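Per the numbering used here, the sequence shown starts with residue 14, numbered consecutively.
Using N, Cα and C, we set each Cβ at its ideal position, and we do this for glycine too.
Since we're looking at a predicted model, the values are computed, not measured.
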Amino acid sequence: MCKFNSLFILFIGINSLLNATDALAYSICVKNYYKIPISLDEAGNIFLRINKILEQQNHENCHNTYFDKNIEPVSFYDYELPSVIASKEDFEKFTGKSCIHIVNKILWCGDGMVFPTGGALGCAPISGNGIVVVRTYTGLSSTITSKVEPVTWLHEFGHTKGLLHNTIDFLDVMTPGISPSTTNLNEHECMILSGNQSTGAAIPDLSLEKNSLPAGPGCETAIGIVSVEEFVKTPILGSYPVTTASLYSGDLDKVEKLIIDPEYSEFRPNITALLGVIGNKGTVRLLAGIIDSPFVKKPSDADIDTLLAAEIAIGTIVYRNNLPETDVQVLLRAANPAFWYSKLISFNGTGNQISQDNVLDNQGLLPAERGQSDRMSLDDQDIDNIVNMLTSQALKGYAISGSRSVKKELNAFKSASNNAAIPDEIRNNYNNKIDEIIELHKKSNLDGALSTYY
Ligand SMILES: [Zn+2]
């Protein structure tokens with residue numbers, strides 16, 4: 014029995030080859046964004062639950078592989094790494110590091126793709142370093158989120174060891190739509206995890222990330238489709254189920270009412286994503302109203318996710334319905350950091366108070382009770398993070414809209430933002446995204462806006 018503790022960290026991603034009879038212990042560090050705490054005990058417990066998953070397999074290689082509770086205390090980061098992964102540039106800051114990083118939000122996990130709702134539970138390069146995971150997910154209860162954590166960590170770790178998605182077994186750890194019950198591993202996967210990797214192993218039908226099949230829990234398995242109310246209540250953990258969503262096109266009026274129904278407030282991100290697939294010109298106006306509404310209380314995670322989903326939905330609807338340039342103008346506004354800064358700073362009580370005259374078509378969205386206790390609870394870093402998310406996503410929405418002015422407008426934005434009074438780091442980050450966004454635009458023009466959906 015030999016152990017590779019901290020030394021092994023150096024070799025993650027280098028496809029180490031080890032003797033099958035030796036047990037292999039991985040020792041992985043954990044580093045969290047300081048506002049998303051995780052204790053050493055919690056992290057250790059996740060590794061123990063990963064070991065249980067490995068033990069329950071019928072393949073020897075999995076029994077010979079386990080994760081040490083970390084040997085170093087969990088460490089945290091503040092400004093040195095992003096807490097929101099909204100672009101390739103954000104993600105690449107993690108790829109030189111072998112730790113599992115707990116981040117706030119994952120909105121980028123591969124070029125040419127958008128998250129129409131919620132973002133990802135985790136992201137990692139295939140063969141390489143750089144695991145990012147989240148601990149909360151809008152629409153998922155904290156119990157389920159905590160139950161899925163070992164699966165998420167093992168899934169992302171599997172990617173770093175070279176494993177692709179398994180689209181054959183929807184209960185496999187490597188399925189694109191993971192859940193607490195996706196705990197199977199096949200022989201090939203156990204072999205790779207154990208380090209006994211024979212390159213070029215003939216394992217059929219393992220698809221690339223981009224070809225992964227929809228696996229929203231509960232949505233795809235029913236013979237008939239569930240009611241639209243049930244559909245929007247179901248968390249989407251895997252690829253967005255575009256085909257299923259499009260079956261609800263006859264329910265457009267109903268779905269547009271659901272989005273202003275307070276009973277469905279926590280499901281607004283999913284409702285909004287569904288509107289992207291089935292909505293029309295009138296829907297764009299509704300969603301633009303959400304984006305233009307001021308914040309009248311501290312935005313919840315669901316509020317932010319609704320705005321993120323609305324930005325993608327508008328681009329998709331404009332593309333699908335071949336709508337004119339005027340319908341996509343809201344995304345150009347929303348792609349400007351100043352648009353969100355002014356709203357968030359007004360809300361935060363540090364700038365001018367909100368004028369109700371600015372409320373455009375605010376049909377009860379982002380509810381209007383003024384929570385005094387919430388007013389000051391966003392600090393500068395929270396605001397920067399929200400602005401980064403919303404501007405990046407607006408650019409993506411704009412890019413997939415099919416607008417003929419995309420390249421011209423994006424370059425104009427680049428020079429305009431150079432003159433705007435916004436923090437240097439935000440501006441640089443923003444400008445560096447432009448070329449990536451133009452690639453997304455090309456893909457949408459070639460294969461359609463929905464082809465860019467995860
Ligand atoms: Zn994956």
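If we require 3 or more residues per run, which beta strand (DSSP E) segments fall completely within the region 31-102? 37-39, 43-46, 78-80 and 88-90
Along the alpha helix (DSSP H) that carries I317, what are the first and last residues, could you check? D314 to N334
Span of the beta strand (DSSP E) holding I435? Here I435 belongs to no beta strand (DSSP E), and DSSP marks it neither H nor E.
With a CB to CB cut of under 8 Å and the five nearest residues on each side skipped, what residues in its chain are close to N142? I25, G26, F107, T108, G109, K110, S111 and T173
Comparing alpha-carbon positions, which option in L423, E338 and I435 lies nearest I13? Coverage of the chain is limited to positions 14 through 467, which leaves residue 13 absent and any answer about it impossible.
Through-space distance from T78 to L67, alpha-carbon basis: 7 Å
Residues in its own chain within less than 8 Å of V245 by CB, not counting five upstream and five downstream? V268, L271, Y277, F280, N283, I284 and L287
Same chain, Cβ closer than 8 Å to E162, neighbours up to 5 away in sequence not counted: I59, R62, V146 and R148
Quick one: using the 10 Å Cβ neighbour count with 16 as the cut-off for buried, is T256 buried or exposed? exposed
Can you round the beta-carbon distance between A351 and A433 to whole angstroms, since I take them to be within the 8 Å contact cut? 6 Å
Taking all protein chains shown into account, decide if L357 is buried (16 or more other Cβ within 10 angstroms of its Cβ) or exposed. buried
Alpha carbon of A36 to alpha carbon of H76, nearest angstrom: 8 Å
Pair within 8 Å by beta-carbon distance, K495 and N444: Residue numbering for the chain in the displayed model covers 14 to 467; residue 495 lies beyond these limits and cannot be assessed.
Could you tell me whether any non-hydrogen atom of ligand 1 is closer than 7 Å to the CB of H168? yes
Status (buried if at least 16 other CB within 10 Å, exposed otherwise) for G410: buried
Are there 16 or more other CB atoms within 10 angstroms of the CB of T339, so buried, or fewer, so exposed? exposed
Considering Cα atoms alone, identify which of L167, N209, I205 and C203 is closest to I191. L167
What are the residues that DSSP puts in a beta bridge with K467? The sequence shown places Tyr at residue 467, rather than the Lys named in the question. DSSP lists no partner for Y467.
Give the range of the beta strand (DSSP E) segment to which I115 is assigned. I113 to V116
Using the three-state DSSP reduction, which class does G295 fall into: helix, strand or coil? helix
One question on the structure: do I49 and I115 come within less than 8 Å of each other, judged by their Cβ atoms? yes
Three-state secondary structure (DSSP) of I439: helix
Based on the DSSP secondary-structure assignment, which residues constitute the bridge partners of I119? I98
Within a Cβ cutoff of 6 Å, which residues of the same chain sit near S464, ignoring the five residues on either side of it in sequence? none
Let's test the definition: count the other Cβ atoms within 10 Å of the Cβ of Q366 and tell me whether it reaches 16, buried, or not, exposed. For Q366, the predicted model reports a pLDDT of 43, less than 50, meaning its position is unreliable and no value from the coordinates is stated.
Close Cβ partners of I435 (< 6 Å) along its chain, the five nearest in sequence each way excluded: P350
Using 7 Å as the cut-off, classify the Cβ of H201 as near or not near the heavy atoms of ligand 1, replying yes or no. no
Rounding to the nearest angstrom, what Cα-Cα distance links D81 and I205 in this structure? 18 Å
I'd like to confirm something about P189: is its beta-carbon nearer than 7 Å to some heavy atom of ligand 1, or not? yes
Who are the Cβ neighbours of L498 in its own chain at under 6 Å, not counting the five residues just before and after it? In the structure displayed, the chain extends from 14 to 467; residue 498 sits before or after that span and is not available.
Mapping the DSSP letters down to three states, classify V468 as helix, strand or coil. Nothing can be reported for residue 468: it is not among the residues displayed for the chain, which extend from 14 to 467.
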